[in-house]
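Q:
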Amino acid sequence: MQQYLKELRILGKTTGFVPTMGALHPGHLSLIKQAREGNDVAICSIFVNPTQFTDAADLEKYPRPIADDIQKLEGAGCDILFNPPVNQMYADNEQWHLNIGELEYLLEGKFRPGHYQGVTQVVYKMFNIIMPDRAYFGQKDYQQVLVVRKMVELLNMPVTLVMCPIEREPDGLAMSSRNIHLSADDRKHALVLSKALNITKENFDSNYIEKIQEYAIQMITHEPGVQLEYFEIVDGNTLHEADKDTQNIVALVAARVGNTRLIDNVIIR
Ligand code: PAF
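In the working numbering, the protein residues as written are 5 to 273.
Written out as structure tokens, the structure is:
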């Protein structure tokens, strides 16, 4: 992979990279499309990264439909797939991690301690191998974008990050590889997340933040089968509590629907 990409760079080709864990859905394919449009060569990685899972059962059951994924990548015009085995990405018992500061401990970091350390570890390795000009991440994991952005800043990595909008099903459910675990009933109940986010955005200007947040929390906690982990309205750069004067504001939610953990968010401004 490194040799091949070195040759492309010598030819002056630009590269756009989309890191994924597979089980590709239209959200991923929209990232590939942007990578193709913005660069000479589009590269996708499929690697279910063990170090970012905080629950062994979750890692075990993570979907791995590689033949389907390859077909989708071909259909989307992706040029290169990087699909390394775990023992090529990690030596036995690797113990290091990066420390990018408080961003990795807030929100998701509280509920999935160590998760973003696993993410920065693998994205750091991927960026070192691929050395992309641009890397494309979905807004659905908004905090991940901030975490990777921080890593790139702190380590002066020569890559431009592009955050691409959330792709949604027609009824509003954010697309996710985990949605296949939702039963028909879970699927209906899960809609409360995007509904609560939309209501928050629509009513933001005319209400106190605490009031809208409380309303959204009530909506979600009253939905059967849904266990709310957090619903926060925060500064879109720091993830600290927002007030009405904050310039960039984002509402973020995480909840368990049946046995599946879902996240979603909306940029308010
Ligand atoms: O968002 C994901 O799918 C993963 O966290 C990533 C960025 C591919 C790292 O494993």
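Note that beta-carbon positions come from the ideal geometry of N, C-alpha and C, so glycine has one too.
Just so we're clear, the structure is a prediction, and the values are computed from it rather than from any experiment.
(1) Of the residues Glu41, Asn252, Phe141 and Leu28, which one's Cα is nearest the Cα of tyrosine 66?
(2) Return yes when the Cβ of methionine 223 is within less than 8 Å of the Cβ of valine 254, no when it is not.
(3) Taking all protein chains shown into account, do 16 or more other C-beta atoms lie within 10 angstroms of the C-beta of glycine 105, making it buried, or fewer, making it exposed?
(4) Considering only C-alpha positions, which residue in the set Glu64, Arg182, Glu41 and Leu85 is nearest to cysteine 48?
(5) What is the DSSP secondary structure of leucine 266, counted as helix, strand or coil?
(6) Is methionine 25 near the ligand PAF, in the sense that its beta carbon is under 7 Å from a heavy atom of that ligand?
(7) From the DSSP secondary-structure annotation, give me the bridge partner or partners of glycine 118.
(8) List in chain order: all unbroken beta strand (DSSP E) runs of 3+ residues lying wholly within the stretch 182-268.
(9) Please work out which residues of its chain come closer than 7 Å, Cβ to Cβ, to aspartate 175, disregarding the five sequence neighbours upstream and downstream, and give them in chain order.
(10) State the Cα-Cα distance for the pair isoleucine 216 and arginine 172, rounded to the nearest angstrom.
(11) Need the endpoints of the alpha helix (DSSP H) that alanine 61 sits in, please.
(12) Which residues share a DSSP beta bridge with arginine 138?
(13) Expressed to the nearest angstrom, what Euclidean distance is found between the alpha-carbon atoms of threonine 24 and leucine 158?
(14) Which of helix, strand or coil does DSSP assign to isoleucine 74?
(15) Does the beta-carbon distance from leucine 165 to leucine 107 come in below 8 Å?
(16) Since asparagine 252 contacts arginine 273 with CB under 8 Å, what's their CB separation in whole angstroms?
(17) Figure out for me which residue from Cys168, Met167 and Asp190 has the closest Cα to the Cα of leucine 4.
(18) Have a look at tyrosine 94 and aspartate 59 and give me their C-alpha separation to the nearest angstrom.
(19) Return the chain-ordered list of same chain residues with a C-beta closer than 6 Å to the C-beta of leucine 110, the five sequence neighbours on each side being excluded.
(20) If contacts are defined as beta-carbon pairs under 8 Å, then leucine 201 and glycine 262 qualify, I think. What distance do you get, rounded to the angstrom?
(21) On the three-state DSSP scale, how would you describe leucine 33?
(22) If the criterion is Cβ atoms closer than 8 Å, does the pair threonine 124 and valine 163 meet it?
(23) Taking Cβ to Cβ, would you say isoleucine 170 is nearer than 8 Å to lysine 144?
(24) Kindly indicate the opening and closing residues of the beta strand (DSSP E) around isoleucine 47.
(25) DSSP on phenylalanine 57, reduced to helix/strand/coil?
(26) Whole angstroms are fine: how far does the CA of phenylalanine 115 sit from the CA of tyrosine 219?
A: Taking the geometry as given:
(1) Comparing Cα positions, the closest option is Leu28.
(2) Not closer than 8 Å, so no.
(3) It counts as exposed.
(4) Ranking the options by Cα distance to cysteine 48, first place goes to Leu85.
(5) If DSSP states are grouped into helix, strand and coil, leucine 266 belongs with the strands.
(6) At least one heavy atom of the ligand PAF is nearer than 7 Å to the Cβ of methionine 25, so yes.
(7) None; glycine 118 has no bridge partner.
(8) Within the stretch 182-268, the complete beta strand (DSSP E) segments of 3 residues or longer fall at 230-239 and 253-261, listed in chain order.
(9) Non-local beta-carbon contacts of aspartate 175 in its own chain, meaning distances under 7 Å to residues more than five positions away in sequence, involve Leu195 in chain order.
(10) Whole-angstrom Cα-Cα distance: 23 Å.
(11) Taken as a continuous stretch (DSSP letters only), the alpha helix (DSSP H) holding alanine 61 covers 60-65.
(12) Beta-bridge partners assigned by DSSP to arginine 138: Gly20 and Thr164.
(13) Distance between the alpha carbons of threonine 24 and leucine 158 is about 23 Å.
(14) Of the three classes helix, strand and coil, the one that applies to isoleucine 74 here is helix, per DSSP.
(15) Cβ atoms of leucine 165 and leucine 107: not closer than 8 Å.
(16) Right, the Cβ-Cβ distance comes to about 7 Å (below 8 Å), so this counts as a contact.
(17) No answer is possible for residue 4: the residues shown for the chain start at 5 and end at 273.
(18) Rounded to the nearest whole angstrom, the C-alpha separation of tyrosine 94 and aspartate 59 is 19 Å.
(19) Within the same chain, Cβ atoms closer than 6 Å to the Cβ of leucine 110 are found at Leu243, the five residues on either side in sequence being excluded.
(20) Leucine 201 to glycine 262, Cβ: 20 Å. No contact.
(21) Helix at leucine 33.
(22) Taking a C-beta distance under 8 Å as the contact criterion, threonine 124 and valine 163 do not qualify as a contact pair.
(23) Yes. Within cutoff.
(24) First-last of the beta strand (DSSP E) with isoleucine 47: 45-50.
(25) In the structure shown, phenylalanine 57 sits in coil (DSSP, three-state: anything other than H, G, I, E or B).
(26) If you take the alpha carbons of tyrosine 219 and phenylalanine 115, they lie about 22 Å apart.
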